[in-house]
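Visitor: Below you'll find the structure I mean.
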Amino acid sequence: MEFQDRILRCVDCGAEFIWTAGEQQFFADKNFKNEPKRCKACKGKRASRPAGAVARERVETVTMCSACGKETTVPFKPTQGRPVFCKECFQSRKFAGAGGV
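Residue numbers (our numbering): 1 to 101.
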């Protein structure tokens, strides 16, 4: 199979980049099914982030514990209809449920 250079668009910055025939051959040799999504610059930025780094900022929400009613801060935006627990109530529920299934 003969490959030809292709122009792709980066999902991060929107810039066009060339996926060379040689790169396509490498992907085929490795049985990679998906073509690249990012240009070399965005791929490099993404690779240089610390492991586990999240692209968006952490959300902290002040809310009331569903069990004890105490005001607490949670690291997410609560979903309507789902209970939210303070650290102490969360820990007690976690350990209480560990014993039996």
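Cβ coordinates follow ideal geometry from the N, Cα and C atoms, glycine included.
What does a CB cutoff of less than 6 Å around residue 6 pick up in its chain, not counting 5 residues either side in sequence?
Guide: Here the set comprises 19.
Visitor: Regarding residue 16 and the ligand MG, is the C-beta to nearest heavy atom distance less than 7 Å?
Guide: This structure lacks the ligand MG; in fact it carries no ligand of any kind.
Visitor: For the beta strand (DSSP E) containing residue 95, name the first residue and the last one.
Guide: Run containing residue 95: none in the beta strand (DSSP E); it sits in the alpha helix (DSSP H), 87-96.
Visitor: Measure the CB-CB distance between residue 72 and residue 60 and report whether it falls below 8 Å.
Guide: For the pair residue 72 and residue 60, the CB atoms are not nearer than the 8 Å cut-off.
Visitor: Starting from the Cα of residue 89, find the closest Cα among 80, 77 and 67 and give me that residue.
Guide: Checked all of 80, 77 and 67; the closest Cα to residue 89 is 67.
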